[in-house]
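*Asks:*
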Amino acid sequence: MKVLVINCGSSSLKYQVINMNTYEVMCQGIFERIGLEDSVLTHKNSLKGKYVVKGNFSNHKDAINLVLETLSDKKYGVVNDINEIYAVGHRVVHGGEKYSKSVLIDEEVLSYLEECVKLAPIHNPPNIIGIRVCSELMPNIPMIAVFDTAFHQTIPEVAYIYPIEYSLYENYGIRKYGFHGTSHKYVTQKLGEVLNRDIKEMKIISCHLGNGASICAIKGGVSIDTSMGFTPLAGIAMGTRSGNIDPSISTFLIEECGYTAEEANETLNKKSGVLGISGVSSDFRDIEKAALEGNKRAKLALDIFYYRIRGQIAAYAAHMGGVVDAIIFTAGIGENSSITRKACLEGMNFLGIDIDNNRNNVRGEIGEISAEASKVKVFVIPTNEELMIAKETLEVILA
Ligand code: AMP
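Right, here's the structure in full:
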């Protein structure tokens, strides 16, 4: 049973075909620069290697057409006929308040996703285009939407309502939604499997630390709070995003510093975070190197990143009643940077958290990094959002 997973962005499209009997990735690819000159499709068949096509693909329809042709290509493809694809799982960033689970896509779902465009103006429109084009090109194959926000729909009102005029929530839907839900859900389930414990009986804090970063508190197997908010700009400091700051800074930038609203948005999303503080890079490998070489602002950027993560972990431990059962690190930084993991948990013994420095050397694979005596188990668990999307896709169809 083969499931095609699609993550459609405004000028790029990522995909994987996963064999759901073995969970093996049969092929994966990325189409870049859709709608621009020199578009390029890089396709990798897991057994037969890489295949690159360059050209001018002026729209998503032409691009997806080529992807489907490639999937059934005699040499590099994985199916003889595209109808061998059992279902298509689409990553959709925003499912608003309506979707707390993945859903079979029909016109009603699509029109609700259109309504959600105002909540995710950058991400939802290309997600919708990807769904529409795939539905047109594969009319006999069911399409499923898997939302980044769905896992967080269990967050209670006390955590998702902002302390602002309540009518702004009622009239405009301004509330915390949270993101990275597919990743937090995947690593939490994986932890349950690794520990052979029921996650419904556990208190877990999941730290997804990638270029975008968020922390999630999971109690009884469901999300009860997360650091991202109305948009993915909120929460801890990130590669280029500011995370939580005094909201008056936005208006100050516009009224006193001469920024337009668009420029203010751009600086907080693309020029802030560890890039903004360090002036070096948004990539932790570069910043860690610069800090080791004595760059003070690189060190400050890292210290701020760790400081905010520590504070968020402690806050979630408090909300969950003290000592938690497990902390998970995932995504690019969480999976690879032993420096970050150690620094984030420094001085957290008061919460029963104790790291073993040798175990912490793990990179990119599942590993326990807590000391034998640590009350809290700390794990590195590589995320796999595509597999989670494929699993959810199948669940919706087989339900
Ligand atoms: P992601 O968004 O999950 O793909 O994570 C990407 C980020 O992970 C990069 O921007 C780097 O900051 C970080 N990263 C990847 N590998 C390493 C590494 N070996 N050490 C530190 N950070 C890393």
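If you want the working numbering, it's the 1-based position in the sequence shown plus 14. Yeah, the Cβ is synthetic: ideal placement off N, Cα and C, and Gly gets one too.
If you follow the alpha helix (DSSP H) that residue 372 is in, where does it begin and where does it stop?
*Replies:* Walking along the sequence shown from the start, residue 372 turns up at place 358. Segment: none, residue 372 is in no alpha helix (DSSP H) and carries neither H nor E.
*Asks:* What are the boundary residues of the alpha helix (DSSP H) that includes residue 181?
*Replies:* For the purposes of this step, residue 181 is taken as residue 167 along the sequence shown, with counting starting at 1. Here the alpha helix (DSSP H) through residue 181 covers 180-186.
*Asks:* Could you tell me which of 128, 134, 136, 133 sits nearest to residue 146, measuring between CA atoms?
*Replies:* Locating residue 146 in the sequence shown gives position 132, where the first residue counts as 1. Of 128, 134, 136, 133, the residue nearest in Cα terms is 128.
*Asks:* Let me know the secondary structure DSSP gives residue 41 once reduced to three states.
*Replies:* In the sequence shown, the residue the question calls residue 41 occupies position 27. Of the three classes helix, strand and coil, the one that applies to residue 41 here is strand, per DSSP.
*Asks:* Answer yes or no: the CB of residue 21 versus the heavy atoms of the ligand AMP, is any distance below 8 angstroms?
*Replies:* Indexing the sequence shown from 1 puts residue 21 at position 7. Residue 21 Cβ: outside cutoff for every heavy atom of the ligand AMP.
*Asks:* Given this structure, state the Cα-to-Cα distance separating residue 96 from residue 79, to the nearest angstrom.
*Replies:* The sequence position of residue 96 within the sequence shown is 82, counting from 1. The sequence position of residue 79 within the sequence shown is 65, counting from 1. Roughly 11 angstroms between the two C-alpha positions.
*Asks:* With distances taken Cα to Cα, identify the nearest neighbour of residue 37 among 267, 396, 400.
*Replies:* Locating residue 37 in the sequence shown gives position 23, where the first residue counts as 1. That would be 400, whose Cα lies nearest to the Cα of residue 37.
*Asks:* Can you determine whether any heavy atom of the ligand AMP sits closer than 8 angstroms to the C-beta of residue 298, and answer yes or no?
*Replies:* For the purposes of this step, residue 298 is identified with residue 284 of the sequence shown, where counting begins at 1. Because some heavy atom of the ligand AMP lies under 8 angstroms away, the Cβ of residue 298 counts as near it: yes.
*Asks:* Check whether the Cβ atoms of residue 318 and residue 282 sit closer than 9 angstroms, and answer yes or no.
*Replies:* Counting from one through the sequence shown, the residue named residue 318 turns up at place 304. Counting from one through the sequence shown, the residue named residue 282 turns up at place 268. The answer is no: Cβ separation not under 9 angstroms.
*Asks:* Measure the alpha-carbon distance for residue 276 versus residue 133 and round it to whole angstroms.
*Replies:* For this step, residue 276 is matched to residue 262 along the sequence shown. For this step, residue 133 is matched to residue 119 along the sequence shown. Cα-Cα distance, rounded: 16 angstroms.
*Asks:* What I want to know is whether the C-beta of residue 253 ends up closer than 8 angstroms to one or more non-hydrogen atoms of the ligand AMP.
*Replies:* As a first step, residue 253 must be located in the sequence shown, where it is residue number 239. Flag set: Cβ of residue 253 near the ligand AMP.
*Asks:* Counting Cβ pairs, one atom from each stretch, are 3 or more of them under 8 angstroms apart for the region 107-115 and the region 152-166?
*Replies:* Taking a cut-off of 8 angstroms on C-beta distances, the region 107-115 touches the region 152-166, as three or more cross pairs fall below it.
*Asks:* Could you work out which residue in 25, 19, 59, 141 is closest to residue 100 when comparing CA atoms only?
*Replies:* Mapped onto the sequence shown, residue 100 falls at position 86. Answer by Cα proximity: 19.
*Asks:* Report, in whole angstroms, the separation of the C-beta atoms of residue 349 and residue 311, which I expect to be a contact under 8 angstroms.
*Replies:* Taking the first residue of the sequence shown as position 1, residue 349 is located at position 335. Taking the first residue of the sequence shown as position 1, residue 311 is located at position 297. Taking a contact as a CB-CB distance under 8 angstroms, the pair residue 349 and residue 311 does not count as one, their CB atoms being some 26 angstroms apart.
*Asks:* Would you mind sorting residue 322 into buried or exposed? The rule is 16 or more other CB atoms within 10 Å of its CB.
*Replies:* Taking the sequence shown and counting its residues from 1, the one referred to as residue 322 is at position 308. Label assigned to residue 322: buried.
*Asks:* Let's see if you can read the secondary structure: which residues bound the alpha helix (DSSP H) around residue 112?
*Replies:* Taking the first residue of the sequence shown as 1, we reach residue 112 at position 98. That residue, residue 112, is in no alpha helix (DSSP H); it is neither H nor E in DSSP.
*Asks:* Measuring CB atoms only, is the region 338-345 touching the region 292-311, in the sense that at least three cross pairs come out at less than 8 angstroms?
*Replies:* no
*Asks:* How many angstroms separate the CA atom of residue 362 from the CA atom of residue 411?
*Replies:* Here residue 362 is taken as the residue at index 348 of the sequence shown, counted from 1. Here residue 411 is taken as the residue at index 397 of the sequence shown, counted from 1. Going by the C-alpha atoms only, they are around 44 angstroms apart.
*Asks:* My parser needs the beta strand (DSSP E) runs of 3 or more residues fully inside the region 224-262; what are they?
*Replies:* 227-233, 236-240
*Asks:* What is the DSSP secondary structure of residue 271, reduced to helix, strand or coil?
*Replies:* Taking the sequence shown and counting its residues from 1, the one referred to as residue 271 is at position 257. In the structure shown, residue 271 sits in coil (DSSP, three-state: anything other than H, G, I, E or B).
*Asks:* When we look at the beta-carbon of residue 135 and count the other beta-carbons within 10 Å, is it buried (16 or more) or exposed?
*Replies:* Numbered from 1 along the sequence shown, position 121 holds the residue referred to as residue 135. The residue in question, residue 135, is exposed, as its Cβ has fewer than 16 Cβ neighbours within 10 Å.
*Asks:* Using a Cβ-based criterion (distance less than 8 angstroms to any ligand heavy atom), does residue 91 qualify as near the ligand AMP?
*Replies:* Taking the first residue of the sequence shown as position 1, residue 91 is located at position 77. For the ligand AMP, not one heavy atom lies less than 8 angstroms from the Cβ of residue 91.
*Asks:* Work out the CA separation of residue 83 and residue 54 for me, nearest whole Å.
*Replies:* As a first step, residue 54 must be located in the sequence shown, where it is residue number 40. As a first step, residue 83 must be located in the sequence shown, where it is residue number 69. Those two C-alpha atoms are separated by around 15 angstroms.
*Asks:* Could you tell me how far apart the beta carbons of residue 369 and residue 384 are, in whole angstroms, since I believe they sit closer than 8 angstroms?
*Replies:* The residue you call residue 369 lines up with position 355 of the sequence shown. The residue you call residue 384 lines up with position 370 of the sequence shown. Confirmed, Cβ separation roughly 6 angstroms.
*Asks:* According to the Cβ coordinates, are residue 229 and residue 330 closer than 9 angstroms?
*Replies:* As a working mapping, residue 229 is identified with position 215 in the sequence shown. As a working mapping, residue 330 is identified with position 316 in the sequence shown. In this structure, residue 330 lies closer than 9 angstroms to residue 229 by Cβ.
*Asks:* Let me confirm a value: residue 255 is counted as buried when at least 16 other C-beta atoms fall within 10 Å, else exposed. Which label applies?
*Replies:* Along the sequence shown, read from residue 1 onward, the residue named residue 255 stands at position 241. Residue 255 is buried by the Cβ-count criterion.
*Asks:* Pick helix, strand or coil for residue 157, following the three-state DSSP scheme.
*Replies:* The residue you call residue 157 lines up with position 143 of the sequence shown. Residue 157 falls in the strand class under three-state DSSP.
*Asks:* Count Cβ pairs between the region 184-201 and the region 225-240 that sit closer than 8 angstroms; are there 3 or more?
*Replies:* yes
*Asks:* Do residue 191 and residue 174 have their C-beta atoms closer together than 9 angstroms?
*Replies:* In the sequence shown, counting from the first residue as 1, residue 191 sits at position 177. In the sequence shown, counting from the first residue as 1, residue 174 sits at position 160. Going by C-beta atoms, residue 191 is nearer than 9 angstroms to residue 174.
*Asks:* Is residue 302 near the ligand AMP, judged by its Cβ being under 8 angstroms from some heavy atom?
*Replies:* For the purposes of this step, residue 302 is identified with residue 288 of the sequence shown, where counting begins at 1. Because some heavy atom of the ligand AMP lies under 8 angstroms away, the Cβ of residue 302 counts as near it: yes.
*Asks:* Which class does residue 266 belong to by DSSP, given the choice of helix, strand or coil?
*Replies:* Taking the sequence shown and counting its residues from 1, the one referred to as residue 266 is at position 252. Taken through DSSP and simplified to helix, strand or coil, residue 266 comes out as helix.
*Asks:* Does the separation of the CB atoms of residue 193 and residue 240 fall below 9 angstroms?
*Replies:* Translated into the one-based positions of the sequence shown, residue 193 becomes position 179. Translated into the one-based positions of the sequence shown, residue 240 becomes position 226. Taking 9 angstroms as the Cβ cut-off, residue 193 and residue 240 qualify as a contacting pair.
*Asks:* Does DSSP classify residue 60 as helix, strand or coil?
*Replies:* Here the question's residue 60 lines up with position 46 in the sequence shown. Residue state, collapsed to three classes: coil.
*Asks:* Looking at the secondary structure, which residues open and close the alpha helix (DSSP H) in which residue 141 lies?
*Replies:* Within the sequence shown, numbered from 1, the residue matching residue 141 stands at position 127. First-last of the alpha helix (DSSP H) with residue 141: 138-151.
*Asks:* Measure the CB-CB distance between residue 344 and residue 222 and report whether it falls below 9 angstroms.
*Replies:* As a working note, residue 344 is residue 330 in the sequence shown. As a working note, residue 222 is residue 208 in the sequence shown. Yes, the pair counts as a contact, with Cβ atoms nearer than the cut-off.
*Asks:* Could you compute how far the alpha carbon of residue 288 sits from the alpha carbon of residue 294?
*Replies:* To locate residue 288, count along the sequence shown from 1; it is residue 274. To locate residue 294, count along the sequence shown from 1; it is residue 280. Going from the Cα of residue 288 to the Cα of residue 294 covers about 8 angstroms.
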